[in-house]
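Visitor:
In the numbering used here, the protein residues as written are 688 to 1063.
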């Protein structure tokens, strides 16, 4: 490796770490599973923005290389350039197959070692590492200690808060360990907080009430960066969009598509609480008369082929529609393209409708910002 180092005012070489989920720069499979959601979108958009900054020499997003016939071969490609200065690099992480994040802990040391090998093959070491979520935080803390590179961390969600919420909901500690490996997650978060020079949060509440639960709570190292969205994509309607593919798809479900729309959009995850919204709508004849309900819960082909969590949520959604006999008043499209999300918001706004996020907890709230930017 070259000994070249950055001069004081030279552009930065930034490495982002985001380990879990399916990460690619085009056609993100948002909502495919619990691991491929808002964080994937966040880190890819952050990478693109860094690649456009004159203050950045180079930005690289390091994620896990996945070689599994059950997913696209895109996730096995070693490097995916997004622009002249930004790229996704996929690093081997022990297990080749696609597994959920709770099962990755035993493979993170291997991932970390392979990241070191990659970094030492570059012209110079990065100026900063920015880790995302507990798994990447664990790797980032190891790299910071081993290589002396400053670590910035964004948690996205926190294990201690999740454990409190689930225990309050009736889960046992044994269940939390079996399902979520929650103690290992919290241990990794404590390690990350002990090493990180900066922790990025969305709100003061996150700093005071969520990070305040941790032993290595150091609020002086934390900064609020309010969530934002791409205003070139998410904007109020400029034309009638009912003639678009997704507009025609919604009309296929609805007897009276001219009614205001109640729109819910999320991945099929129990904590998104979609069935509660359907029950509330189904139990109100007045609301059914006044508005249509549109539920966009990720993309699906055969529900039986999906993972247990998504399959259970989607089955519950369909059962709720049937239980309340909502046919003709609800739309639940099987597929939508990433670029159609903004169209859905604008259609809801044009109908004089509302966007509802019924999630039990929402650490980021990206869809709320997108909906507001589109006029909802």
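Every residue gets a Cβ at the ideal spot worked out from N, C-alpha and C, and that includes glycine.
1) Distance, Cα to Cα, residue 754 vs residue 972?
2) Between the Cα of residue 706 and the Cα atoms of 1019, 1013 and 818, which residue gives the shortest distance?
3) Excluding the 5 residues preceding and the 5 following residue 897 in the sequence, name in chain order all residues of the same chain whose CB lies nearer than 6 Å to its CB.
4) Considering Cα atoms alone, identify which of 915, 883, 979 and 740 is closest to residue 908.
5) Counting pairs of Cβ atoms below 8 Å between the segment 828-836 and the segment 1016-1035, do you hit three or more?
6) Which stretch, first to last residue, makes up the alpha helix (DSSP H) that contains residue 972?
7) Taking contact to mean at least 3 C-beta pairs separated by less than 8 Å, is the segment 990-1005 in contact with the segment 712-730?
8) Among 934, 1036 and 970, which has the Cα closest to the Cα of residue 1023?
9) List the DSSP bridge partners of residue 1014.
10) Is residue 711 near residue 785, with beta carbons less than 8 Å apart?
11) Taking only three categories from DSSP, how would you classify residue 1002?
12) May I have the straight-line CA-CA distance separating residue 691 from residue 811, to the nearest angstrom?
13) So, do the segment 1050-1059 and the segment 910-929 have three or more beta carbon pairs nearer to each other than 8 Å?
14) Would DSSP call residue 706 helix, strand or coil?
15) Just confirm the distance between the C-beta atoms of residue 777 and residue 750, as a whole number of angstroms; I'd bet it's less than 8 Å.
16) Which of the three DSSP states is assigned to residue 813 in this structure?
17) What does the alpha-carbon distance come out to for the pair residue 738 and residue 725?
18) To the nearest angstrom, report how far apart residue 925 and residue 1015 are at their CA atoms.
19) Do residue 747 and residue 698 have their C-beta atoms within less than 8 Å of each other?
20) Tell me whether residue 957 sits in a helix, a strand or coil according to DSSP, three-state version.
21) Taking residue 918 as part of the alpha helix (DSSP H), name the residues at either end of that continuous run.
22) Run the CB neighbour count on residue 891, radius 10 Å, all protein chains shown included, and call it buried at 16 or more, exposed below.
23) Report buried or exposed for residue 843, applying the criterion of at least 16 other Cβ atoms within 10 angstroms of its Cβ.
24) Could you check which residue in 701, 704, 696 and 731 has the C-alpha nearest to that of residue 917?
25) Can you tell me the Cα-Cα spacing of residue 825 and residue 887, whole angstroms?
26) Is residue 1038 buried or exposed, if buried means 16 or more other CB atoms sit within 10 Å of its CB?
27) Between which residues of its own chain and residue 960 is the CB-CB distance below 7 Å, once the five residues before and five after are set aside?
28) Span of the alpha helix (DSSP H) holding residue 802?
29) Can you name the start and end residues of the beta strand (DSSP E) that residue 775 belongs to?
30) Given this structure, state the Cα-to-Cα distance separating residue 791 from residue 822, to the nearest angstrom.
31) Ignore the nearest five residues each way along the sequence and tell me which others in residue 906's own chain have a CB closer than 6 Å to its CB.
32) So, residue 966 versus residue 1000, is the Cβ gap smaller than 8 Å?
33) Just confirm the distance between the C-beta atoms of residue 1065 and residue 1035, as a whole number of angstroms; I'd bet it's less than 8 Å.
34) Going by the DSSP bridge assignment, what does residue 909 pair with across the sheet?
35) Counting C-beta neighbours from all protein chains within 10 Å, is the total for residue 870 16 or more, i.e. buried, or is it exposed?
36) Closest to residue 1012 by C-alpha separation, out of 968, 879 and 729, would be which residue?
Guide: Well, looking at it:
1) 50 Å
2) 818
3) 845 and 848
4) 883
5) no
6) 972-977
7) yes
8) 934
9) 1017
10) no
11) helix
12) Residue confidence for residue 691 is low, a pLDDT of 47 falling below 50, so the modelled location carries little weight; the figure read from the coordinates is stated next. Going from the Cα of residue 691 to the Cα of residue 811 covers about 6 Å.
13) yes
14) coil
15) 6 Å
16) coil
17) 20 Å
18) 28 Å
19) no
20) helix
21) Element bounds for residue 918: n/a, residue is neither H nor E.
22) exposed
23) buried
24) 731
25) 16 Å
26) buried
27) 1045, 1046 and 1047
28) 795-807
29) 773-778
30) 8 Å
31) 894
32) no
33) Since the first residue shown for the chain is 688 and the last is 1063, residue 1065 is missing from the structure and cannot be characterised.
34) 886
35) exposed
36) 968
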